[in-house]
Amino acid sequence: MQLQVTNSPFSQEQIELLNRLLPTLTPSQKFWLSGYLAAAETAVGVLDAEAPALFAGGGKPVSKEVTVLYGSQTGNAQKLAEKAGNALKERGFEAKVLSMLNFKPNELKKVETLLIVVSTHGEGDPPDNAVSFYEFLHSKRAPKLNHLRFSVLALGDTSYEHFCQTGKDFDKRLEELGGERFYPRVDCDVDYEEAAAKWLDGVLGELSKQANANGGAAPLLSAVAAAPKAEPAVVYSRKNPFLAEVLENINLNGRGSNKETRHLELSLEGSDLKYEPGDALGIFPKNDPELVDLVIQEMKWNPEETVTIDKDGEVRSLKEALTSHFEITVLTKALLQKLAPLSKNSALQELVAPGNETKLKEYAKGRDLLDALRDFGPWDAAPQQVISILRKMPPRLYSIASSLAAYPDEVHLTIGAVRYESYGRLRKGVCSTFCAERIQIGDTLPVFIQPNPNFKLPKDPSTPIIMIGPGTGVAPFRAFMQEREATGANGKSWLFFGDQHFVTDFLYQTEWQAWLKSGVLTRMDVAFSRDTENKVYVQHRMLERSKELFGWLEEGAVVYICGDKQHMARDVHQTLIDIIEKEGGMSREQAEAYLTEMQKQKRYQRDVY
Numbered sequence: 013m014q015l016q017v018t019n020s021p022f023s024q025e026q027i028e029l030l031n032r033l034l035p036t037l038t039p040s041q042k043f044w045l046s047g048y049l050a051a052a053e054t055a056v057g058v059l060d061a062e063a064p065a066l067f068a069g070g071g072k073p074v075s076k077e078v079t080v081l082y083g084s085q086t087g088n089a090q091k092l093a094e095k096a097g098n099a100l101k102e103r104g105f106e107a108k109v110l111s112m113l114n115f116k117p118n119e120l121k122k123v124e125t126l127l128i129v130v131s132t133h134g135e136g137d138p139p140d141n142a143v144s145f146y147e148f149l150h151s152k153r154a155p156k157l158n159h160l161r162f163s164v165l166a167l168g169d170t171s172y173e174h175f176c177q178t179g180k181d182f183d184k185r186l187e188e189l190g191g192e193r194f195y196p197r198v199d200c201d202v203d204y205e206e207a208a209a210k211w212l213d214g215v216l217g218e219l220s221k222q223a224n225a226n227g228g229a230a231p232l233l234s235a236v237a238a239a240p241k242a243e244p245a246v247v248y249s250r251k252n253p254f255l256a257e258v259l260e261n262i263n264l265n266g267r268g269s270n271k272e273t274r275h276l277e278l279s280l281e282g283s284d285l286k287y288e289p290g291d292a293l294g295i296f297p298k299n300d301p302e303l304v305d306l307v308i309q310e311m312k313w314n315p316e317e318t319v320t321i322d323k324d325g326e327v328r329s330l331k332e333a334l335t336s337h338f339e340i341t342v343l344t345k346a347l348l349q350k351l352a353p354l355s356k357n358s359a360l361q362e363l364v365a366p367g368n369e370t371k372l373k374e375y376a377k378g379r380d381l382l383d384a385l386r387d388f389g390p391w392d393a394a395p396q397q398v399i400s401i402l403r404k405m406p407p408r409l410y411s412i413a414s415s416l417a418a419y420p421d422e423v424h425l426t427i428g429a430v431r432y433e434s435y436g437r438l439r440k441g442v443c444s445t446f447c448a449e450r451i452q453i454g455d456t457l458p459v460f461i462q463p464n465p466n467f468k469l470p471k472d473p474s475t476p477i478i479m480i481g482p483g484t485g486v487a488p489f490r491a492f493m494q495e496r497e498a499t500g501a502n503g504k505s506w507l508f509f510g511d512q513h514f515v516t517d518f519l520y521q522t523e524w525q526a527w528l529k530s531g532v533l534t535r536m537d538v539a540f541s542r543d544t545e546n547k548v549y550v551q552h553r554m555l556e557r558s559k560e561l562f563g564w565l566e567e568g569a570v571v572y573i574c575g576d577k578q579h580m581a582r583d584v585h586q587t588l589i590d591i592i593e594k595e596g597g598m599s600r601e602q603a604e605a606y607l608t609e610m611q612k613q614k615r616y617q618r619d620v621y
């Protein structure tokens, strides 16, 4: 149908343009355009209605600043903080998103509205980039904050005793200093997306309500955001993992080794997934079928009975649900408390009773769901009742051991198989033994990329780097070397590697030797703890090279640590302080401050677990 000047409000020129455009539009394009125009009109109406409040005071908009601080080890808290910042800006707020490491604590006196997004690392510790701010807030130097409104989003893992402890500590301390909690703290488990979204919605709603009441910024409808959009291309993520084909799966350890370290090569072809050296790959594993069968047998359940596995009503057979969708290898305080009403055993009721927290913790450590079912029967529980209280299977994250520049459309992993004896049974790491025992070439694994902005090569390719990674902690440094070789980076590089035996446990030995020969790797020091009478670890090799190592630090070298947090990373951290103190002629306090300053400059980065 052609538009005519007589029956429209358009000029002759506009009519001609429209008559040329409209016949070319598809139905979906016409639908999108109508939605866009409707939304744009709505936005104009809102703006007109709010104009007196928004532009009061000489025509200048009244705006509220919101500071969003994050403490993040693997990048999840940073991603959520940035999402919060973007959502605030879309609603007319002036949002600043900063790492706690880059925030000047004295600026806190000027902040009126503060959002904290922080994870908890290990056994209740702050992530590396939150330590200095955490210590400042809990020191005598912390100011009174009677002017401050705040809300906290805490990330954690319920399998750890001190679940979301860092977030809880920030929440408590800000209140102690006089701050007003304008929206309650939300604690998120490893499956954090839904809880984090509710927190953000609540925070935005409360801030918008307060801003409107004070004649401040009002949430404006974005016409483009509100308009119907074309169907996007498939985007693979944690919520929609990509099925990556296994190209290679080999044992890196030699015959006779006490360890089994798998080298996996996966295809990303067709996924459009991108990563950088230092990032991690998430894998959704499956439980050991033998363990699943034992749980079902213990409860005398029918493995083919159907159960509902999510709030949307999706159903699976009981066996499939326990195999692929729920965690059954970790026993937590929360799970035992939820199991107690389903048991007729008084011993379990006593264990979860107030005052027995220490006994509860001792019992849960090293045990799993099968142990609890065996120890505390008889049970009066249908399969659905137990399924409903289990935690969703969390993905396992592994440092990526390859560079896309060297291996386009591939991702490589270095995974140590975990097996140990506990309470008379062999225990197995869920994902590590899934990959070691049951994944064959040609199989597929559901994967996603987990960016890690806190563990990255320096932007200047001439910057020296020092890499410390015993065992599987060497994985990201293989990616670093591949990247530097592919891009022609000319900075010096130094690797400290350690494991048990030279003959059987020298992971990627021929690759390191080739990089040493070509000059991509400047030098390498190794420590094999079981080859000598006295155990030698990477920190011992660092001390032996202390003068040269400090010289590299003075040249501006970036230090990277990857691996075990509780022992190796702690020992290496103290060794670095020892070296700086000795070779720099500093006091202990000065050496610690030197390392803290390196961290602020992103010259001291850790990927520890």
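Taking this note's numbering, the leading residue of the sequence shown gets 13, the next gets one more, and so forth. In this text, a Cβ means the ideal position worked out from N, Cα and C, and glycines have one as well.
With DSSP collapsed to three states, give me the class of residue i.
i, result
"Q462", "strand"
"D517", "helix"
"E604", "helix"
"A93", "helix"
"Q617", "strand"
"L29", "helix"
"P240", "Its pLDDT being 47, under 50, P240 is placed unreliably in this model, and the coordinates cannot settle the point."
"C443", "helix"
"R250", "coil"
"F43", "Here F43 scores only 44 on pLDDT, less than 50, and its place in the model should not be relied on; the value that follows carries that caveat. Helix at F43."
"G428", "strand"
"F540", "strand"
"D199", "strand"
"F145", "helix"
"K271", "coil"
"D183", "helix"
"R496", "helix"
"V548", "coil"
"A55", "Residue confidence is low: A55 scores 42 on pLDDT, short of 50, so the model does not pin down where it sits. Its coordinate-derived value is still stated next. Correct three-state label for A55: helix."
"R103", "coil"
"W313", "coil"
Nearest to residue i by CA position, among the options, is which residue?
i, options, result
"V80", "F148, G510 and R161", "R161"
"L409", "N88, R582, L30 and K76", "N88"
"Q494", "G531, K156, V164 and N31", "G531"
"C176", "D140, V130 and E192", "V130"
"I128", "Y146, D324, G136 and P253", "Y146"
"K3", "A223, A429 and P253", "Residue numbering for the chain in the displayed model covers 13 to 621; residue 3 lies beyond these limits and cannot be assessed."
"F508", "N502, D421, S84 and T484", "T484"
"M670", "F296, I592, P289 and F105", "Because the chain spans 13 through 621 in this model, residue 670 falls outside it and cannot be assessed."
"I308", "V327, K331 and V319", "K331"
"S411", "Y520, P488 and M112", "P488"
"L276", "A384, E369 and H424", "H424"
"G104", "R32, L216, L385 and Q90", "L216"
"E302", "R439, M112 and L34", "R439"
"V620", "G378, K371, F194 and P482", "P482"
"N299", "M479, E374, V398 and I451", "I451"
"Q617", "T370, I480, S279 and A393", "I480"
"D284", "I477, D590, V327 and P420", "P420"
"E188", "S151, A501 and A223", "S151"
"N98", "M610, D213 and K251", "D213"
Quick check: residue i and residue j, are their CB atoms within less than 9 Å of each other?
i, j, result
"L201", "P406", "Note that residue 201 corresponds to Asp in the displayed sequence, not to Leu. Contact flag set, yes."
"P138", "D183", "no"
"L343", "D380", "yes"
"V198", "V143", "no"
"N261", "C447", "yes"
"Q578", "G134", "yes"
"E77", "V109", "no"
"A292", "L278", "no"
Which residues share a DSSP beta bridge with residue i?
i, result
"M479", "L507 and Y572"
"N261", "L276"
"T320", "V327"
"M580", "Per DSSP, none; premise fails for M580."
"V80", "V109 and L127"
"G294", "L409 and F460"
"F423", "It should be pointed out that residue 423 corresponds to Val in this sequence rather than to Phe. Beta-bridge pairing links V423 to L278."
"S434", "R437"
Can we count residue i as close to the ligand FMN, meaning its CB is less than 8 Å from some heavy atom?
i, result
"G168", "In the structure on display, the ligand FMN does not appear, and there are no ligands present to speak of."
With a cut-off of 9 Å, does the C-beta of residue i fall near any C-beta of chain C?
i, result
"N270", "In summary, chain C is missing from the structure at hand, where a single protein chain is found."
Using 8 Å as the threshold, is the segment 496-515 in touch with the segment 433-442, meaning 3 or more CB pairs across them? no
Under 8 Å: do the segment 408-427 and the segment 276-288 share three or more Cβ pairs, one atom per stretch? Yes, since at least three Cβ pairs between the segment 408-427 and the segment 276-288 fall closer than 8 Å, the two stretches touch.
Do the segment 595-608 and the segment 541-555 make contact, defined as three or more Cβ pairs closer than 8 Å? no
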